[in-house]
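Heads up, the thing below is written out as structure tokens.
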Amino acid sequence: MSGSELQREIDFAKRRLDRRTLHRLLALLRPQAGAIAAILLLQAIAVLAIVARPWFIGQLADVGLVAELEATELDWTWALILAAGLTGLWLGRFVFLIIARVWAVSVVVDLLADLRIRLYDHVQSLSVRFFDRTRAGRVVARVDRDVESLQPLFLEGIPQLLGMVLRCAGGAIMLSLVLPQVLWGLLILAPLLLASIVLFKRIGTAIYGRINEQQSRVTAHLVETVSGVRLIQQSVAEDRNKTTYNHLLNDLDRAAIVAAWGWGWFMPYIFLLFTLGICVVIIAGGGALAADEITPGRLIECIFYVFLFLGPLMEVGDLFERASSGAAAGQRIFLLLDNQPEIQDDAHARPLDRPFKGQIDIAQVHFRYDENPAADWVLKDINLHIASGSTVAIVGPTGHGKSTLVQLLTRFYDPQQGSISIDGRDLRGIPQADLRRHVALVLQDNVLFSGTVLANLRLARPDMSDEALIAQAENLEVSRIIEQLPQGWYSEVGPRGEFLSHGQRQVICLLRAWIADPTILILDEATSAVDVRTEGLIQKALTRVMSGRTAIVVAHRLATIRDADRIVVVQHGRIVEDGDHTSLITDNGLYSQLYANLDPAEPPEDLRHRDDI
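Counted from 1, the sequence shown has number 232 at position 59 by my numbering; the numbering is strictly sequential.
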């Protein structure tokens, strides 16, 4: 992640829960609004059962006390009716809560699954530049842990908030009917309560934002450690890596300690308010009882109503912990969703005309990776015409712009100046999906996904059956390398193809390009780091795959370069030479120097021309 992007995320971590974030969080619930309303109705009915319960308890107390004090027989009929009503309230509340809970879990799971899919789809749509500046662990944290952090808020927080409001309101209404002076005494505590809630709200989101930011850094480091464990072990960097991890954990610990200081005072403060409320009911209720204004049963009712009124205060800390953690996660999720793809299809983009020829024209292209206008150009004033069906090799010193040019041709980036067109159409006016269906890319280090060889080949043609894929692949002799695997086409390749050799991975990627049947084929160091025998087979396959197609080859192997129709030499981001192999050698320029230093490794002549390899 770039410095500015990281700082933006840190700034978000320090922000309070603003109204816009709250609205966006609530908007996530809209698809299930009907179900949520029904669940909240069930919760409300369950809360009403709690509000009604003290009346039954008070009536039972009065029935028993009257019989005791007046030495009369207990009114068993009325007592049993009250007991049955109280039992019915308990059972009804239990049933309603069970139904509401199971339903709520189902709804929230669906909502979060939809959000994960939305994030996953959005991440796949983002341009390559986003991933250049963003650590993979941060993206994983947003799609996984931050979405998970919303579950307590949606599943517990909203029903809890409704229950708190209804219990407070119910307790207040009943107190106003039974013993108003107790309610007025409790309302004196309301400003203290509101002040504490506002203060906690102001600090809660910022505190949890900092904690989650530190957790994101820990997650990012873990992801990079797992993906780069071979390099770490080969470099004997385990201790240094562990030290870095320790520092990150220490930062997380410090953030947690700050959080404890920030809101640790809240629950003791609530307990104090609760104690004051009990004192109010004892003083006011005791006086009313002594003056025969209420019965003992009504006083017992009042005590329960005070618990109903003040009880939610005990839950405020837990509620705000959920709300603050969920809001902080929501802010980071929305930050990711607000990142728009840099490369987008034009509103008037239309597919390429058929038949697709594959003629490429690059005109006055300037490009830099750094968005700073003062940064140096990586490519400068590139002008190049590539005829349909021709093979063009691009050579030059390492780091001088060859692979960058390839990335522009596939429109992973757009040039800041100039244009690139195919068949006379500017790439910006061609839908990306249509462009990439006609362009196949084989790199030095290709990506394979966990699964079988066949599953990776299916990326090229999802509509083809297993038999059709295998038949198409077997048209290239290089496929015998795959057939020699233990399970052949159904062999597992492992994460990123780790179960296979580099040569086997290259063969799969070449077969994938062959099956895709592209009009333009781009090879970026496709045969480097491959043993001589495997390279011979791949080179023969490449010759067949490139036949009849526009081919652009970035390579340092002599066998790949020498037979190209044209060779373009790039130095310091400019095209400095252009011609065929013979003419460039005769010119005795940069290509001639590079040619003298090229890796001569290529299959021996007798291997390159044998058909039984």
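Heads up, the beta-carbon is just placed ideally off N, CA and C, and yes, glycines get one too.
Unbroken alpha helix (DSSP H) run spanning residue i, endpoints
i: L253; result: 249-298
i: D305; result: 301-306
i: I455; result: 439-463
i: R575; result: The sequence given here has Lys at residue 575, not Arg. Its alpha helix (DSSP H) spans residues 575-582.
i: H196; result: 192-200
i: V726; result: No alpha helix (DSSP H) contains V726, which is instead part of the beta strand (DSSP E) from 723-727.
i: V666; result: Per DSSP, V666 belongs to no alpha helix (DSSP H) and is neither H nor E.
i: I654; result: 653-656
i: L557; result: That residue, L557, is in no alpha helix (DSSP H); its beta strand (DSSP E) goes 552-559.
i: V788; result: Residue 788 is absent from the structure shown; the chain starts at 174 and stops at 786.
i: D607; result: 605-610
Inter-residue spacing [alpha-carbon to alpha-carbon] between residue i and residue j
i: D412; j: S623; result: 30 Å
i: Q517; j: V338; result: 47 Å
i: R722; j: P691; result: 8 Å
i: W228; j: I346; result: 13 Å
i: F439; j: S369; result: 8 Å
i: R306; j: N545; result: 14 Å
i: T468; j: L356; result: 18 Å
i: S389; j: L350; result: 52 Å
i: L630; j: R685; result: 5 Å
i: I695; j: V727; result: 8 Å
i: Y764; j: S720; result: 25 Å
i: D697; j: P325; result: 48 Å
i: P604; j: P524; result: 6 Å
i: N770; j: R735; result: 14 Å
i: I655; j: T625; result: 11 Å
i: I331; j: D607; result: 45 Å
i: A252; j: G460; result: 28 Å
i: I533; j: I643; result: 32 Å
i: L621; j: I443; result: 56 Å
i: G450; j: G237; result: 28 Å
i: V278; j: L649; result: 53 Å
i: G176; j: Y542; result: Here the model assigns G176 a pLDDT of 46, short of 50, so the residue's position is not dependable and the matter cannot be decided.
i: E321; j: R527; result: 47 Å
i: R427; j: A393; result: 19 Å
i: A211; j: I218; result: 11 Å
i: V281; j: N419; result: 35 Å
i: L372; j: D491; result: 15 Å
i: V220; j: R197; result: 28 Å
i: D519; j: E671; result: 39 Å
i: R318; j: D753; result: 55 Å
i: T194; j: L299; result: 22 Å
i: N414; j: Q387; result: 17 Å
i: T571; j: V301; result: 21 Å
Cβ-Cβ separation, residue j to residue i (assumed contact under 8 Å), whole Å
i: N385; j: R495; result: Not a contact, Cβ separation roughly 13 Å.
i: H521; j: G602; result: 7 Å
i: I740; j: V579; result: Actually they are not in contact, since the Cβ atoms of I740 and V579 sit about 15 Å apart, beyond 8 Å.
i: L569; j: Q744; result: Checking the displayed sequence, the identity of residue 569 turns out to be Gly instead of Leu. Sure, about 5 Å apart at Cβ, within 8 Å.
i: L557; j: I535; result: 4 Å
i: G531; j: I693; result: 5 Å
i: R274; j: P485; result: Actually they are not in contact, since the Cβ atoms of R274 and P485 sit about 19 Å apart, beyond 8 Å.
i: A206; j: Q354; result: In fact, because the Cβ distance is near 42 Å, the residues do not count as touching under 8 Å.
i: G574; j: Q537; result: With 8 Å as the limit, G574 and Q537 do not qualify as a contact, their Cβ atoms being about 15 Å apart.
i: L214; j: L284; result: With 8 Å as the limit, L214 and L284 do not qualify as a contact, their Cβ atoms being about 18 Å apart.
Heavy atom of the ligand COA within 7 Å of residue i beta-carbon
i: L510; result: Summarising the ligand content, the structure contains no ligands, and the ligand COA is consequently not present.
N- and C-terminal bounds of the beta strand (DSSP E) containing residue i
i: H675; result: First-last for H675: 675-689, but that is the alpha helix (DSSP H), not the beta strand (DSSP E).
i: Q617; result: Taken as a continuous stretch (DSSP letters only), Q617 belongs to no beta strand (DSSP E), as it is neither H nor E.
i: A342; result: Taken as a continuous stretch (DSSP letters only), A342 belongs to no beta strand (DSSP E), being part of the alpha helix (DSSP H) at 331-351.
i: Q744; result: 739-744
i: H539; result: 533-540
i: E750; result: 747-752
i: G591; result: 590-595
i: L767; result: That residue, L767, is in no beta strand (DSSP E); its alpha helix (DSSP H) goes 763-770.
i: L694; result: 693-697
i: V565; result: 564-568
TODO: Spell out a yes or no on whether the stretch 281-297 and the stretch 253-271 are touching, meaning 3 or more CB-CB pairs, one atom from each, closer than 8 Å.
DONE: no
Open item on the list: Across the stretch 661-668 and the stretch 577-585, are there enough close Cβ pairs to call them in contact, namely three or more that are closer than 8 Å?
Closed with: no
Open item on the list: Would the stretch 470-490 count as touching the stretch 212-232 if we require 3 or more Cβ pairs under 8 Å?
Closed with: yes
Task: Cβ contact check for the stretch 605-617 and the stretch 753-770: 3 or more pairs under 8 Å - done: no
TODO: Decide yes or no for the touch test of the stretch 707-722 against the stretch 546-553: beta carbon pairs closer than 8 Å, at least 3 of them.
DONE: no
Task: Continuous beta strand (DSSP E) assignments of at least 3 residues falling wholly in the stretch 493-532 - done: none
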